[in-house]
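Visitor: One structure follows; several queries about it will come next.
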Amino acid sequence: MQSNADLPQHTTASQQGEVLLSLRDITIGYGPKVIQKNITMDVKRGSIFAVMGGSGCGKSTILRSMIGLLRPQAGRYTVDGDDYWAGPDSHRTALNRRFGVLFQSGALWSSMTVGENVALPLEMFTRLDKDMIRNLVELKLGFVGLSHAIDLYPSEISGGMKKRAGLARAIALDPDILFFDEPSAGLDPITSARLDDLILSLREGLGATIVIVSHELPSLFAIADDGIFLDAQSKTPIAHGSPRDLRDHCTDPQVHAFMHRDARVDPAPAEPVRKGTPHNGQ
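Numbering of the sequence shown is given in full-length UniProt numbering, commencing with residue 1 and proceeding in unit increments.
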């Protein structure tokens, strides 16, 4: 069983506003191909930080690097002041215990029930007995409104339900840092808005810090406090700020076009990360 020292440290009122995740002059790429360079950004504790930009600009690649799937070619990445890439693998493993990740497809294993998918991290990283794990799985699924789906398979639920099941698995270990890759992609507006409400509930209920990759404007305007905008052509960030601030005040032509690309978007509404070969149905 986890000791108190092993559990994630969640945000208190006095800690809000402190820098939790920091990137300094990060360059990411694959071999000789640079995807983004000169990435400098701070994610404050308890905030929802958006990584924005058009298709192919490297949003999901940054997320891959921040969760430890891709070592940067240059620069420094710290988590609560600890250099993420310094030291042995065990150092990164300890930091990764603080992370929860929601992949774009939900990334559910098709051969496992929804409940078994959510139980997987609990079985891998704790010594809890089966009854306790079952209780926690029911609790997490209840939080996302999927108590009735615990014994269903991914093929038996909708795309929105897959996203919520993936979210339940992401919070199974009560992480204090969450990473979401295009959580609203492929969802209808009503389902997307409900997922936004769940994300806000996570921030409020768990004191979690959230990094979200998205190009869905209604979601960005509804939930994000801060963010960074990436340019595919220059391969550098070209703007920093909340989505609403960038929409209302940024004069960069590319940012302006992105933020105003759909006149139907309510200005004040209430490339996927790959990992293994899980179920990808929408």
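Each residue gets a CB set at the ideal place from its N, CA and C atoms; glycine is no exception.
So if DSSP puts S22 in a beta bridge, which residue, or which two residues, is it bridged to?
Guide: The residue given as residue 22 occupies position 22 in the sequence shown. In the DSSP assignment, S22 is bridged to D42, T78.
Visitor: With the cut-off set at 7 Å, would you say K59 and V213 are in Cβ contact?
Guide: Here the question's residue 59 lines up with position 59 in the sequence shown. Here the question's residue 213 lines up with position 213 in the sequence shown. Yes. Within cutoff.
Visitor: Is H215 buried or exposed, if buried means 16 or more other CB atoms sit within 10 Å of its CB?
Guide: Position 215 of the sequence shown, counted from the first residue, corresponds to residue 215. That one is buried.
Visitor: Within the continuous beta strand (DSSP E) that includes P237, where are the two ends?
Guide: For the purposes of this step, residue 237 is taken as residue 237 along the sequence shown, with counting starting at 1. Segment 236 to 240, the beta strand (DSSP E) holding P237.
Visitor: Sort out for me which residues DSSP pairs Y30 with in a bridge.
Guide: Indexing the sequence shown from 1 puts residue 30 at position 30. Answer is K33.
Visitor: Look up L128 in the DSSP assignment and say whether it is helix, strand or coil.
Guide: Stepping through the sequence shown from its first residue, residue 128 is reached at position 128. In this structure, L128 counts as coil in the three-state DSSP scheme.
Visitor: Near K140, which residues of its chain fall below 7 Å by C-beta distance, leaving aside the five closest residues on each side in sequence?
Guide: Here the question's residue 140 lines up with position 140 in the sequence shown. Residues V118, A168, I171, A172 of the same chain have their beta carbon placed closer than 7 Å to that of K140, with the five preceding and five following residues left out of the count.
Visitor: What whole-angstrom Cβ distance do T40 and Q73 have, given they're in contact under 8 Å?
Guide: Mapped onto the sequence shown, residue 40 falls at position 40. Mapped onto the sequence shown, residue 73 falls at position 73. With a Cβ gap of about 15 Å, T40 and Q73 do not count as contacting.
Visitor: Is it buried or exposed for residue 290, if we count other Cβ within 10 angstroms and need 16 for buried?
Guide: Shown here, the chain extends from 1 to 282; a query on residue 290 therefore has no answer.
Visitor: Do R238 and D248 have their C-beta atoms closer together than 7 Å?
Guide: Your numbering for residue 238 matches position 238 in the sequence shown. Your numbering for residue 248 matches position 248 in the sequence shown. Looking at the sequence provided, one finds Ile at residue 238 rather than Arg. It is not a contact, given that the beta carbons lie outside the stated cut-off.
Visitor: In the structure shown, what three-state DSSP assignment does M112 receive?
Guide: Counting from 1 along the sequence shown, the entry for residue 112 is found at position 112. M112: coil per DSSP, three-state reduction.
Visitor: Does the beta carbon of P88 sit closer than 7 Å to a beta carbon anywhere in chain D?
Guide: No chain D appears in this structure, which consists of one protein chain only.
Visitor: How far does the alpha helix (DSSP H) with D196 in it reach, from first residue to last?
Guide: As a position in the sequence shown, residue 196 is number 196, starting the count at 1. Where D196 is concerned, the enclosing alpha helix (DSSP H) stretches over 189 to 206.
Visitor: Let's test the definition: count the other Cβ atoms within 10 Å of the Cβ of M124 and tell me whether it reaches 16, buried, or not, exposed.
Guide: Start at 1 with the first residue of the sequence shown, and residue 124 comes out as number 124. Its Cβ having fewer than 16 others within 10 Å, M124 is exposed.
Visitor: Spatial neighbours of P175 within its chain, please: CB distance less than 6 Å, with the 5 preceding and 5 following residues excluded, ordered by chain position.
Guide: Within the sequence shown, residue 175 is the residue found at index 175, counting from 1. Closer than 6 Å at the Cβ level, and outside the excluded window around P175, lie P8, R98, F99, G100.
Visitor: Secondary structure at F99, three-state DSSP: helix, strand or coil?
Guide: Counted from its first residue, the sequence shown places residue 99 at position 99. F99 sits in a strand when the DSSP states are folded into three classes.
Visitor: Which residues does DSSP list as the beta-bridge partners of F229?
Guide: On the sequence shown, residue 229 is found 229 positions in, with the first residue counted as 1. Note: F229 sits in a beta bridge opposite M52, A239.
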